[in-house]
């Protein structure tokens, strides 16, 4: 079994929603539930040893636009969120992450040594990520607090605009060049992430924002959960030019399992074969090299192929890649080692190469 470190999931959002319904996040994570994609029993069954766990502030009432007869759709960007309630939710999700650590469900990892120790101790290696920085003010004071709590990765925006940058909509077919890039506050955020060692994730930002970060940042460029625009032209996928820049920076792209980003027709259909996932990995490897491709499932945040189902089905993807000719050394890079390399670099532990 290949051990898998996943670059993006929304398990904290699911646990937060369940807690509002009266459930215990620790019991849900440790004992397993029928809903969702990740808990400890299913992680163990699928070889999922850890991943970047998102603090994501939901956009209430967002409904994806239904495809027209020709498959086209264009969901308007979610409205910007207010800072105070966003901060409250981010604190609540961080509290769940800390509670899970105290209960022994996982280890919050602030360094690659922490990840190594978690894997040796057979603990789920959780890295806190912030998907959209609505909880952080322009003075960046909250960034220091979240860093102390374990935040080691962030995306300046989700698919909505905020004080730092502009997001791309959920739309097909559409270029990621949909609006402005970083604001002055966003540039300050990037510089501060570079200084203290927080990975910057480009998966929801506009193409102009991507190039703004590429110009400013001293980190490898990372899109934690995105696919190839040349294969599926949704706004969330990456153009060849973006992929080339990621390769030049020794960064990576994590394969997103969302079926709308895998299928050539862009449709929300769980009967999407694993061969579509392999097709994107083949393309990404061809563009980025074997050192630039990883996993970024979007578990608990998207409709994924039925053949995967949840975390317990991850080895089905590994089997599909083996059948496509990937050997054990290449699979180890895709499944975990590429993430470890890039995290070490972003966290100032040693260079990406």
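Residue numbers (this note's numbering): 2 to 354.
From the three backbone atoms N, C-alpha and C, an ideal C-beta is built for every residue, glycine too.
No experiment lies behind these values; they were computed from the predicted model shown.
Short CB-CB distance (under 9 Å) between residue i and chain C
{"i": "residue 47", "result": "The structure shown contains no chain C; it is built from a single protein chain."}
Span separating the alpha-carbon of residue i from that of residue j
{"i": "residue 2", "j": "residue 63", "result": "38 Å"}
{"i": "residue 29", "j": "residue 48", "result": "19 Å"}
{"i": "residue 334", "j": "residue 132", "result": "25 Å"}
{"i": "residue 51", "j": "residue 253", "result": "17 Å"}
{"i": "residue 81", "j": "residue 163", "result": "6 Å"}
{"i": "residue 113", "j": "residue 317", "result": "27 Å"}
{"i": "residue 35", "j": "residue 189", "result": "43 Å"}
{"i": "residue 353", "j": "residue 227", "result": "Caution is warranted here: a pLDDT of 49 is assigned to residue 353, below 50, making its placement in the model unreliable, and the coordinate value is therefore given only provisionally. Approximately 20 Å, taken between the alpha carbons."}
{"i": "residue 350", "j": "residue 65", "result": "40 Å"}
{"i": "residue 149", "j": "residue 272", "result": "42 Å"}
{"i": "residue 194", "j": "residue 322", "result": "34 Å"}
{"i": "residue 197", "j": "residue 338", "result": "23 Å"}
{"i": "residue 146", "j": "residue 41", "result": "28 Å"}
{"i": "residue 239", "j": "residue 74", "result": "18 Å"}
{"i": "residue 326", "j": "residue 319", "result": "11 Å"}
{"i": "residue 101", "j": "residue 20", "result": "13 Å"}
{"i": "residue 141", "j": "residue 274", "result": "43 Å"}
{"i": "residue 310", "j": "residue 39", "result": "10 Å"}
{"i": "residue 22", "j": "residue 4", "result": "33 Å"}
{"i": "residue 123", "j": "residue 243", "result": "36 Å"}
{"i": "residue 24", "j": "residue 86", "result": "22 Å"}
{"i": "residue 213", "j": "residue 158", "result": "14 Å"}
{"i": "residue 68", "j": "residue 235", "result": "12 Å"}
{"i": "residue 206", "j": "residue 216", "result": "15 Å"}
{"i": "residue 211", "j": "residue 61", "result": "26 Å"}
{"i": "residue 117", "j": "residue 329", "result": "20 Å"}
{"i": "residue 251", "j": "residue 128", "result": "21 Å"}
{"i": "residue 1", "j": "residue 218", "result": "Examination of residue 1 is not possible in this model, given that the chain is present from 2 through 354 alone."}
{"i": "residue 78", "j": "residue 266", "result": "21 Å"}
{"i": "residue 143", "j": "residue 231", "result": "38 Å"}
Under 9 Å between C-beta atoms of residue i and residue j
{"i": "residue 261", "j": "residue 233", "result": "yes"}
{"i": "residue 98", "j": "residue 54", "result": "yes"}
{"i": "residue 297", "j": "residue 286", "result": "no"}
{"i": "residue 348", "j": "residue 200", "result": "yes"}
{"i": "residue 306", "j": "residue 263", "result": "yes"}
{"i": "residue 295", "j": "residue 258", "result": "no"}
{"i": "residue 106", "j": "residue 169", "result": "no"}
{"i": "residue 37", "j": "residue 268", "result": "no"}
{"i": "residue 155", "j": "residue 130", "result": "yes"}
{"i": "residue 344", "j": "residue 153", "result": "yes"}
{"i": "residue 288", "j": "residue 248", "result": "yes"}
{"i": "residue 276", "j": "residue 237", "result": "no"}
{"i": "residue 229", "j": "residue 173", "result": "no"}
{"i": "residue 315", "j": "residue 282", "result": "no"}
{"i": "residue 1", "j": "residue 151", "result": "The question about residue 1 has no answer, for the chain in this structure spans 2 to 354."}
Bridge partner(s) assigned by DSSP for residue i
{"i": "residue 201", "result": "155"}
{"i": "residue 132", "result": "57 and 156"}
{"i": "residue 52", "result": "7 and 127"}
{"i": "residue 273", "result": "Bridge partners of residue 273: none, in fact."}
{"i": "residue 254", "result": "224 and 294"}
Cβ-Cβ separation, residue j to residue i (assumed contact under 8 Å), whole Å
{"i": "residue 11", "j": "residue 331", "result": "Between residue 331 and residue 11 the Cβ distance is about 28 Å, and since that is not below 8 Å, they are no contact."}
{"i": "residue 187", "j": "residue 165", "result": "4 Å"}
{"i": "residue 340", "j": "residue 6", "result": "5 Å"}
{"i": "residue 178", "j": "residue 208", "result": "4 Å"}
{"i": "residue 59", "j": "residue 14", "result": "7 Å"}
{"i": "residue 9", "j": "residue 225", "result": "5 Å"}
{"i": "residue 138", "j": "residue 103", "result": "Between residue 103 and residue 138 the Cβ distance is about 28 Å, and since that is not below 8 Å, they are no contact."}
{"i": "residue 91", "j": "residue 56", "result": "5 Å"}
{"i": "residue 46", "j": "residue 313", "result": "4 Å"}
(request) Could I get the ranges of all uninterrupted beta strand (DSSP E) runs contained in the segment 287-311, with 3 residues as the minimum, in chain order? (result) Listed in chain order, the complete beta strand (DSSP E) runs (minimum 3 residues) inside the segment 287-311 are 294-296.
(request) Can you check the segment 156-239 for any beta strand (DSSP E) of at least 3 residues that lies completely inside it and give the ranges in chain order? (result) Correct list: 171-173.
(message) Going residue by residue through the segment 71-146, where are the continuous alpha helix (DSSP H) segments of at least 4 residues, counting only ones entirely within it?
(response) You should have 84-103 and 113-121.
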